[in-house]
Every structure is written in C-alpha cells, then in structure tokens.
Amino acid sequence: MIAAQLVPTPVGPLSLLSREGVLVAAGFTAEPKEMFVRLTPALQAEGLEVVDAVGPTVEAVRAYLDGDLDALDDVPVSQPGSPTRKRLHAVLREVKAGTTISYAELAERADLPRTAARAAGSACAQNLIAPFVPCHRILPSSGGYGGYYYGIPIKEWLLAHESGGIANVK
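The opening position of the sequence shown corresponds to residue 130 in the numbering used here, with each subsequent residue numbered one higher.
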C-alpha cells in the first residue's frame, strides 16, 4: 500500500507518498491522487491510502520549513528511470540548498556532455519527488527561472526560502 500524507506549507499543501518508509512521490498538491497517477503501474497496483501518521518524512519537511535546509537530504527516495535519469536525480540531490546551477552544469556533474542539458531538463520535468530531489535549484543558463511542474511562484518561494529571503515559518 502506498501511504499518502498532506503537509501544510506556506505555498500550499505538500503531498507525500511513501512505500515501506521510502518516498516514491512528493509534490505541491492537495490531492495525493495527482501524484499517485504518475507512479509506475506496479506501484499503482498496490493502492493508495491517505494516513494521518506523522513520521520522519513529515518531520523533515517541518524542519526544512523551520530553516534546517538540509533536513530533506537524508529522506530515502526511489523513483523509476533509465540509468542516466537516475544518475541525474542523484546529482540533483547533491545541489545544496541556497545554490543554483544550470541544466548544462547538472549534465556535466552527472558525467554527461554539457550538450546533454536537454536530458537534464527532462530529468527535472519528470522528477516525481519535489522538493526532496530539488529540481527547483536548476535554472536555465539564459536567465530566468525556466519551468517548474508546480508553477514558477512555488519555485521562486523555495529558492527565496533557501537563500534566506523569507523568514522561517513557525
């Protein structure tokens, strides 16, 4: 069974979907089913149950919102993808809070050619576990914020929170 929890954040609810203590999806939506339908058919076959239990993942989100910007780093995650996509997702988790890099730099850090920026962008677009796999920290080299599955205002808020531009939430 996939367990879903909703955590309030300053930019709206964050849905957390986990299986046996491992986060398989997370996103800024009040409806966990929006995340559930993005999972693999095998995971969907396990079913979805919304629970109220507070666990380490919820505590990590609360700590992150309270200013411990590294709190999400140790939450175990698992998402499908090719070996290249998995490598890009792993490298995304190494981009520290308060910093940003370009899609080309993400590709380079994953030992891909800088010209693989498109693959890096695709890995960000298909990321199922935001903000734990922090694709919001990747920006286009040309400037601006680029895209974000949950909308640019949420990406802007996350970056401002991580750079100290927003007071800690209590």
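We treat Cβ as the ideally placed atom computed from N, Cα and C, and that holds for glycine.
As the structure is a prediction and not an experimental result, all values here were calculated from the model.
{"Query": "Mapping DSSP to helix, strand and coil, what is Ala-133?", "Result": "strand"}
{"Query": "When the Cα atoms are used, what is the spatial distance from Ala-233 to Ala-182?", "Result": "40 Å"}
{"Query": "In or out: Gly-250 buried (at least 16 other Cβ within 10 Å) or exposed?", "Result": "buried"}
{"Query": "Please classify Arg-167: does DSSP put it in a helix, a strand, or coil?", "Result": "coil"}
{"Query": "Could you pull out every unbroken alpha helix (DSSP H) segment of at least 4 residues lying fully inside the stretch 244-281, listed in chain order?", "Result": "246-254"}
{"Query": "How is the alpha helix (DSSP H) around Ala-174 delimited, first residue to last?", "Result": "Per DSSP, Ala-174 belongs to no alpha helix (DSSP H) and is neither H nor E."}
{"Query": "Sort out for me which residues DSSP pairs Ser-147 with in a bridge.", "Result": "Ala-132, Leu-152"}
{"Query": "Can you tell me where the alpha helix (DSSP H) with Pro-142 in it begins and where it stops?", "Result": "Taken as a continuous stretch (DSSP letters only), Pro-142 belongs to no alpha helix (DSSP H), as it is neither H nor E."}
{"Query": "Buried or exposed, going by whether 16 or more other CB atoms sit within 10 Å of the CB of Gly-94?", "Result": "Missing from the structure shown is residue 94; the chain here goes from 130 to 299 and no further."}
{"Query": "Kindly indicate which three-state DSSP category Val-220 falls into: helix, strand or coil?", "Result": "helix"}
{"Query": "To the nearest angstrom, how far is the alpha carbon of Met-130 from that of Pro-142?", "Result": "22 Å"}
{"Query": "How is Gln-208 classed by DSSP in three states: helix, strand or coil?", "Result": "coil"}
{"Query": "Buried or exposed: where does Pro-137 fall if 16 or more other Cβ atoms within 10 Å of its Cβ makes it buried?", "Result": "exposed"}
{"Query": "Could you check if Ala-254 is buried or exposed, using at least 16 other CB atoms within 10 Å of its CB as the buried criterion?", "Result": "exposed"}
{"Query": "Pull up the distance between the alpha-carbon of Arg-191 and that of Asp-197, whole angstroms please.", "Result": "9 Å"}
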